[in-house]
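Undergrad:
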Amino acid sequence: MTSILSDSIYDERPAFSRNHQGELSTWQYVDYLGILEKKKMVMKRLRDRNPEKYKEIARKSRLKKRKALFNLYGDRCAICGFLDKRALTLDHIQKNGKDERQKYGEQGVYKKALQKYRPDLYRILCMNCQFIYR
Ligand SMILES: [Zn+2]
Numbered sequence: 007m008t009s010i011l012s013d014s015i016y017d018e019r020p021a022f023s024r025n026h027q028g029e030l031s032t033w034q035y036v037d038y039l040g041i042l043e044k045k046k047m048v049m050k051r052l053r054d055r056n057p058e059k060y061k062e063i064a065r066k067s068r069l070k071k072r073k074a075l076f077n078l079y080g081d082r083c084a085i086c087g088f089l090d091k092r093a094l095t096l097d098h099i100q101k102n103g104k105d106e107r108q109k110y111g112e113q114g115v116y117k118k119a120l121q122k123y124r125p126d127l128y129r130i131l132c133m134n135c136q137f138i139y140r
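Residue numbers (our numbering): 7 to 140.
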């Protein structure tokens, strides 16, 4: 970046976070100011102070996601029809579950599966069928 911008405050900001006009997007600017970092620290402090409460919130969030998954992909094993939700899991039909979990994390995979109904990628299987057919 040359000319007018070279003397401006933009130069104190990391180059990767500029768009083609040398400006930061709102979120990048917020992150640049360290607000997101601060928010993370505040959340961590709250979690440390009251771990039970936040464990419960996380548990409820996981349950909610699972419920949404069953609504979308069916509430029984796609192969044997097993009904007990405690033993039902999300199966990657294309056998790329390990890669996806590494990339997005367990909850991230659920989130991705929920964003769009993709019966070609995901299905619900019970643990038995999961182990037998993998
Ligand atoms: Zn099954």
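In this text, a Cβ means the ideal position worked out from N, Cα and C, and glycines have one as well.
What would DSSP say about residue 51, mapped onto helix, strand or coil?
TA: Counting from 1 along the sequence shown, the entry for residue 51 is found at position 45. Here residue 51 sits in helix by DSSP.
Undergrad: Ligand 1 and residue 63: does any heavy atom of the ligand fall closer than 7 Å to the residue's C-beta?
TA: Within the sequence shown, numbered from 1, the residue matching residue 63 stands at position 57. Checking the Cβ of residue 63 against ligand 1 gives no.
Undergrad: Is it buried or exposed, residue 130, if we count other Cβ atoms within 10 angstroms and call 16 or more buried?
TA: One-based indexing of the sequence shown puts residue 130 at position 124. By the neighbour-count rule (16 or more Cβ atoms within 10 Å), residue 130 is buried.
Undergrad: Between the stretch 93-108 and the stretch 52-59, do three or more beta carbon pairs fall short of 8 Å?
TA: No contact exists between the stretch 93-108 and the stretch 52-59.
Undergrad: Between residue 128 and residue 96, how many whole angstroms is the CB-CB distance? I'm expecting something under 8 Å.
TA: By one-based count along the sequence shown, residue 128 stands at place 122. By one-based count along the sequence shown, residue 96 stands at place 90. Indeed they touch by this definition, with Cβ atoms about 6 Å apart.
Undergrad: Tell me where the beta strand (DSSP E) around residue 132 begins and ends.
TA: Residue mapping note: residue 132 aligns to position 126 of the sequence shown, counting from 1. From DSSP, the beta strand (DSSP E) with residue 132 extends over 128-132.
Undergrad: Is residue 105 helix, strand or coil by DSSP?
TA: Start at 1 with the first residue of the sequence shown, and residue 105 comes out as number 99. Helix, per DSSP.
Undergrad: Quick check: what's the CA-CA separation for residue 107 versus residue 72?
TA: Position 101 of the sequence shown holds residue 107. Position 66 of the sequence shown holds residue 72. Between residue 107 and residue 72, the C-alpha separation is close to 16 Å.
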